[in-house]
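2 protein chains.
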Amino acid sequence: MSVTAAEGFVAAGCHAGIKRRRFDMAMIATEDRQPVACAAVFTQNKFAAPPVELDRAILRANGGRAAAVVVTSGNANAGTGEQGLKDAKAMGCATALALNVGVGDVLVCSTGIIGTPLPMQPILDATPRLAGKLSRAGAEDAARGILTTDHRPKQVVIRGSNFTLGGMAKGCGMIAPNMATMLAFLTTDADVPHAALRRILKRAADETFNTLNVDGAMSTNDTAMLLASGKRGTPDFEEFGNAVVAACKDLTMQMARDAEGMTRIAHLSVTGAANDAEAKVAAKAIAENNLVKCSWYGGDPYWGRLLAAAGSCGAAMDVAKTRVSYGGIAVAEGGVAVPHDGQALAEHMMGEEIAIEVHLGAGAHNARMIGIDLGPGYIKENSRTS
Amino acid sequence: MSVTAAEGFVAAGCHAGIKRRRFDMAMIATEDRQPVACAAVFTQNKFAAPPVELDRAILRANGGRAAAVVVTSGNANAGTGEQGLKDAKAMGCATALALNVGVGDVLVCSTGIIGTPLPMQPILDATPRLAGKLSRAGAEDAARGILTTDHRPKQVVIRGSNFTLGGMAKGCGMIAPNMATMLAFLTTDADVPHAALRRILKRAADETFNTLNVDGAMSTNDTAMLLASGKRGTPDFEEFGNAVVAACKDLTMQMARDAEGMTRIAHLSVTGAANDAEAKVAAKAIAENNLVKCSWYGGDPYWGRLLAAAGSCGAAMDVAKTRVSYGGIAVAEGGVAVPHDGQALAEHMMGEEIAIEVHLGAGAHNARMIGIDLGPGYIKENSRTS
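As given, the protein sequences belong to chains A and B, one line each in that order. Sequence positions in the first sequence follow my numbering and run 1 to 386. Sequence positions in the second sequence follow my numbering and run 1001 to 1386.
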């Protein structure tokens, strides 16, 4: 049920004709068509897509609420300028008409290729049909309707003591901290006002989506949304906040496992940084370093590349106090190799998920990041788009 | 002749036993064993290798001069700590003894894998043999003795009106702005004092080596050196400075063409930035973006990825004023596709060298960078080192 698991939401997915065969549109709406509290976080890319601009403006204007969300996949409506903004607005209008809700309460998202105008006719034709399919059973179709190069839909449900939280996401390439080609839609029946919802979503995104680094590329369309119908009353805010983190974490790992060309996930922990910002910079530098990523693909515990990446990112590092370990097995201390169990190390490196700690020896601040290896599959998926 | 083309220099290369079969040591010395002016620029990596630390100390102590340079390849003597510094000093001592020059006038370089102690016995055994082979004809052997994953030696000779400038270099992976696993040795018979030599080399490195971005990785061992024997008197400094830039540029393009897994070189020009620093940041962000690099591999003129990369790097960008062109063919203006000659564009993209301009529309500052595509060859070369 995912995005319709919480009381008060319906969803649907369909094939409009943007992609050749697969589902390429999705819709989420409140069951009673009334607007509910909605918080969202967006890409920080200056080349943000028109739908991102539109949604920012809508949520600013209505104080943070939504009655429906409409999504296209296969075309990002990015790099489309004025026409792109008109097209996004037309998608919102068509949805508002079909659902009989205010156009100022409809959010619009798109994901897919950049630089090509949206094929509006099939989208406008499909909108009433999509609205007619809305149901609680439509969550599965909706989760398929938002996918691009994903291999699998990504869904999650968490049941709290007096609330349910459900969600769906897409994303597997162009993913970097600060969100990338990633869309996530979460719904809950808890009653949480917009300001609290926003704070909770922001924190969860920072701790989960923003730690996933598939390829260092930040997209034009990233959006994560959380809608709260309020049907089941006020939750314990700590329990609710933790549930949002858990749901986002679950979707993040589903995205990591579906990353383009992925053969191995690295749970990277940078410790001993001089401050939080430098810990993050170092983690990002390591997770995005192609030599490091190739060594993960090869299952090669080449710790020298980890320190070389950390040493070149600007973060303070005291080489004499550095430590590197794979799967808890220390391989270097003070910038020099140390004796270790080579058999255990080799076995850890062959796993689909490896754990790496790089200690910078410069302080007591830490950061975590989820890195993805760089193998031929990534190149195959990204060398030709047309 | 390359590194011995200028009067007053001899060189040699040999197989010491670090690598299985190929040459793995090189030496350059003054013909009369007298120290001459020497300037050098080094990696900015905080995990710099012991030989880099040693050379910095030597040039600081002796005011910028050298009588000989000894190089090992196959092992970087990096991530080797105290023992690594002792080993680098031992290499310098053995060379000083063999040549009967002061140990304070011998520079030491290493390049290769990180984290494994230098095999000192074969190196010390080979040193007198290498010294015995020094000759003007030895430049070719020396150019082979410094290579690691390079496919070809890289050499250059430039003849000025009253000076000769020659050089050799190695490097093809782990190359990023601010020098990467790159060693370059230049010699001249011009008479140029250390301070001027340093200024000229620094400028040339900034304009050439530091614009090459193979994989965004900065190495632990990068070093470029320029030795001036003074045998032929004072040059015109402008002519000499331009010759150093030209020689470094030539070596840079030889490195680009030999880059690991390279199938296509992108001459990237970022224009219209708000300031010089942001122009460089944007050029680096584009050149290191894996989605962009994959599109170069595929010969895909996917301009949306260029703007998405520029838009996420922090540099100011006015989307409405942006322009993107490939080979002078404008494909997007104001963040939107514009009509263009698709046939001419496709032909340009299939070339081994492509030209790209990304105009940010935020000012009048520019930067250039040489980017390399990301293809399966790069992964093959870097996924296993052991």
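Backbone N, C-alpha and C define an ideal beta-carbon position, used for all residues, glycine too.
| Does A:K46 get closer than 8 angstroms to chain B when you measure Cβ to Cβ? | yes
| Interface partners of A:I379 on chain B, CB under 8 angstroms | C1294, Y1297, L1374, G1375, P1376 and I1379
| If you draw a straight line from the C-alpha of A:K133 to the C-alpha of A:T127, how long is it? | 10 angstroms
| said: Taking its Cβ as the centre, do 16 or more other Cβ atoms sit within 10 Å of B:P1193, making it buried, or is it exposed? | reply: exposed
| query | When we look at the beta-carbon of A:G393 and count the other beta-carbons within 10 Å, is it buried (16 or more) or exposed? | reply | Examination of residue 393 of chain A is not possible in this model, given that chain A is present from 1 through 386 alone.
| field | Chain-ordered neighbours of A:M307 on chain B, where CB pairs are closer than 7 angstroms | value | For the record, residue 307 of chain A in the displayed sequence is Leu; it is not Met. Per Cβ cutoff of 7 angstroms: F1047 and G1079.
| For B:A1137, which residues in chain A fall below 8 angstroms Cβ to Cβ? | Going along chain A, no residue has its Cβ under 8 angstroms from B:A1137, so there is no contact; the nearest lies around 36 angstroms.
| request: Out of A:H15, A:G64, A:T164 and A:Q83, point me to the one whose CA is closest to A:I123's CA. | output: A:H15
| request: Examine chain B for any beta-carbon lying closer than 8 angstroms to the beta-carbon of A:M179, and answer yes or no. | output: Reliability fails at A:M179, whose pLDDT of 35 lies under 50, so the model's placement of it is uncertain and no value is given.
| query | With 8 angstroms set as the bound, which would you pick, yes or no: does the beta-carbon of A:S269 sit closer than that to a beta-carbon of chain B? | reply | no
| said: Using the three-state DSSP reduction, which class does A:V36 fall into: helix, strand or coil? | reply: strand
| task | Compare the C-alpha of B:E1260 against each of B:T1149, B:H1365, B:V1069 and B:G1166 and name the closest. | result | B:T1149
| Other residues of its chain near B:T1211: CB distance less than 6 angstroms, five sequence neighbours each side excluded | R1368, M1369 and I1370
| request: To the nearest angstrom, report how far apart A:L97 and A:G63 are at their CA atoms. | output: 22 angstroms
| task | Would you decide whether B:T1234 is buried or exposed? Buried here means 16 or more other CB atoms lie within 10 Å of its CB. | result | exposed
| message | Quick test of the definition: if touching needs 3 or more C-beta pairs under 8 angstroms, does the region 1265 to 1277 of chain B touch the region 1300 to 1317 of chain B? | response | yes
| message | For B:R1152, count the other beta carbons within 10 Å of its own beta carbon; 16 or more makes it buried, fewer makes it exposed. Which is it? | response | exposed
| message | Please return the same chain residues whose Cβ sits closer than 7 angstroms to the Cβ of B:A1309, not counting the five positions on each side in sequence. | response | A1285, I1286, N1289 and V1292
| field | Element boundaries [beta strand (DSSP E), containing B:K1154] | value | K1154 to R1159
| Below 8 angstroms, can you find three or more Cβ-Cβ pairs linking the region 21 to 37 of chain A to the region 244 to 258 of chain A? | no
| said: Does B:Q1155 pass the burial test, meaning 16 or more other C-beta atoms within 10 Å, or should it be called exposed? | reply: buried
| query | By DSSP, does B:K1293 sit in helix, in strand, or in coil? | reply | helix
| request: Assuming B:M1349 contacts B:Y1326 (C-beta within less than 8 angstroms), just tell me the rounded distance between them. | output: 6 angstroms
| query | Quick one: does B:A1098 have its CB under 8 angstroms from some CB of chain A? | reply | no
| request: Anything in chain B within Cβ reach of A:A332, meaning under 9 angstroms, just list it in chain order. | output: G1079 and G1115
| task | Could you please give the first and the last residue of the uninterrupted alpha helix (DSSP H) stretch that includes A:G92? | result | G81 to L99
| task | Along the alpha helix (DSSP H) that carries A:V245, what are the first and last residues, could you check? | result | F237 to R257
| Quick one: Cα of A:R269 to Cα of A:A282, how far? | In the sequence under discussion, the amino acid at residue 269 of chain A is Ser, which differs from the Arg named in the question. Taking the straight line from one Cα to the other gives about 10 angstroms.
| query | According to DSSP, is A:M174 helix, strand or coil? | reply | Residue placement at A:M174 is flagged as unreliable, the pLDDT there being 46, under the threshold of 50; the coordinate-derived value follows with that caveat. Coil at A:M174, not helix or strand.
| query | Span of the beta strand (DSSP E) holding B:L1393? | reply | One cannot answer for residue 1393 of chain B here, as it falls past the ends of chain B, which runs 1001 to 1386.
| said: Between which two residues does the alpha helix (DSSP H) holding B:E1381 run? | reply: P1376 to N1382
| query | With a Cβ-Cβ cutoff of 8 angstroms, do B:A992 and B:I1356 count as a contact? | reply | Outside the displayed span of chain B (1001 to 1386) sits residue 992 of chain B, for which this structure offers no information.
| request: Out of A:G160, A:S161, A:R159 and A:A184, state which residue places its alpha-carbon closest to the alpha-carbon of A:G167. | output: A:A184
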